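Numbering (my numbering), first residue to last: 1 to 435.
Note that beta-carbon positions come from the ideal geometry of N, C-alpha and C, so glycine has one too.
Just so it is clear, the structure is predicted and the values come from calculations on it, not from any experiment.
For reference, the structure is listed below as structure tokens.
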């Protein structure tokens, strides 16, 4: 099934160098965001002795409030008009606080445990606010700049190559570097690299002139939720990203208490996922062009559920490492295909409304995905409360160990089954529309 695209009569044709430069922003996106998911809670719970239940409960409330900022940021971006464009000024301004707030999050002052909870939530809010404006606008450029299906697939795959570099650093290296260099030093190094990659990306970015009057907020929301294809897409995306984020957050506990891995083995476990994903990303891009992004996404969802279930029975470091390598295949699919699917949805809306509204769609999508983070923290809070997990303990009780197995091996399969059904409905809907 061919991908949907809008083809204006005049549009700059980016060079390979510009495409590569633009894709570099994914280093910043994934390095800091994934490092936050992988080790921020772990650092405060395991090293600072903060209550896991209290921290998770605070993040639930924070996540709901922060989700609303995605809607506001997306709508403001769509309505912005400057001589520098709609998206580019936000990327240029928000990139520095994005990096600085991340570094400060891992450099807390000497406070009581209650004070550390407040500091963690405050810095997380500022970090996430800067992330929203920088990353939402950087990603909003992708559907507008690349409308040809083949360009779109190639750039999406190229983004994932850079994204995987960021993921390897953010997920696989953050814990080991934090333990060896210190959490603060690790965070400042990561922040510097991330800010640099965002400014390299700006060199490869451009915007097309969009003179059409934008919707007001109420109209924009109404038109967005009238797009049934978007509703099915965002439901599937929500569930997929919930399971992958849950895996990222809980894997540090799994490899510390269930199947113990050394710092080097832990880096190989998480890094192996993305080393496999890097070349496989181009395979998924070709599959999307040939079979359609939705059909390919269904295959990726089924693979991910089956492979992650192996964590229920893994008993040795070797088997955990093998599972990680296998997970790289579907993870590469999610990384390439979710971008293409959302761009496809935006194109359908533009054909119906006559307006390109990348900001609103990314904002609503981000809002819903952030609610997924609140769901993740709710699941984690329930788990910590009922499993008998003891914060800061070197050895956990059998109930906590078994709980981590279920959290990573069984819970994702339940959510992914629903995601598969949503993507199937989306695929049928596009076929009826002849897309």
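- Using a C-beta cut-off of 8 Å, the stretch 50–68 makes no contact with the stretch 332–351, since fewer than three inter-stretch Cβ pairs fall below that distance.
- Cα atoms of residue 236 and residue 285: separation of roughly 19 Å, rounded to the nearest angstrom.
- Only residues of its own chain outside the window of five on either side were considered, and among them 156, 157, 160, 281, 284 and 285 have a CB closer than 6 Å to the CB of residue 336, listed in chain order.
- DSSP assignment within the stretch 299–355 yields the following whole alpha helix (DSSP H) runs of 4 residues or more, N-terminal first: 317–353.
- By the Cβ test, the stretch 39–50 is in contact with the stretch 103–120, since at least three Cβ pairs between them sit closer than 8 Å.
- A contact between stretches requires three or more CB pairs, one per stretch, nearer than 8 Å, and the stretch 304–320 fails this requirement with the stretch 117–124.
- If you look at residue 75, you'll find it in the alpha helix (DSSP H) that goes 52–79.
- Taking the Cβ atoms as the reference, residue 300 lies roughly 6 Å from residue 334, within the contact range of under 8 Å.
- Between the alpha carbons of residue 93 and residue 306 lies a distance of about 42 Å.
- Burial is judged here by how many other beta carbons sit within 10 angstroms of a residue's own beta carbon; residue 203 has fewer than 16 and is exposed.
- A straight-line Cα-Cα distance of about 10 Å links residue 16 and residue 22.
- Sorting 257, 223 and 198 by C-alpha distance to the C-alpha of residue 352 places 223 at the top.
- In the three-state scheme derived from DSSP, where H, G and I count as helix and E and B as strand, residue 393 is classed as coil.
- Between residue 272 and residue 325, the C-beta gap is smaller than 7 Å, which places the two residues in contact.
- In this structure, the alpha-carbon of residue 354 lies about 14 Å from that of residue 78.
- Residue 350 holds the alpha-carbon nearest to the alpha-carbon of residue 227 among 50, 383, 350 and 398.
- At least 7 Å separates the beta-carbon of residue 178 from that of residue 31.
- Residue environment analysis places residue 154 among the buried positions, since at least 16 neighbouring C-beta atoms fall within 10 angstroms of its C-beta.
- For the set 320, 377 and 367, the Cα lying nearest the Cα of residue 133 is the one of 367.
- When the alpha-carbon of residue 131 is set against those of 143, 48 and 198, the nearest one is in 198.
- For the alpha helix (DSSP H) assignment, the uninterrupted runs of no fewer than 4 residues enclosed by the stretch 364–434 are, from N- to C-terminal side, 398–409 and 411–433.
- The Cβ atoms of residue 261 and residue 269 lie closer than 7 Å to each other.
- Secondary structure at residue 99: helix, using DSSP grouped into helix, strand and coil.
- Cβ-Cβ distances below 6 Å link residue 265 to 317 in the same chain, with the five nearest sequence neighbours on each side left out; the list follows chain order.
- Runs of the alpha helix (DSSP H) spanning 4 or more residues and lying entirely within the stretch 179–218 occur at 183–203, in chain order.
- Membership of residue 143 in the alpha helix (DSSP H) is indicated by the continuous run 113–145.
- By the neighbour-count definition (other C-beta atoms within 10 Å, threshold 16), residue 386 is an exposed residue.
- By the beta-carbon neighbour count (other beta carbons within 10 angstroms, threshold 16), residue 110 is exposed.
- Straight across, the Cα-Cα distance linking residue 69 with residue 49 is about 30 Å.
- A distance below 7 Å between beta-carbons, with the five flanking residues on each side excluded, links residue 173 to the following residues of its chain, in chain order: 267.
- When the beta-carbon positions are compared, residue 320 and residue 259 come within less than 7 Å of each other.
- Assignment of residue 226 by DSSP, reduced to helix, strand and coil, places it in the helix class.
- Rounded to the nearest angstrom, the gap between the Cα atoms of residue 220 and residue 293 is 26 Å.
- In the three-state reduction of the DSSP assignment, residue 84 falls in the coil class, being assigned neither a helical nor a strand state.
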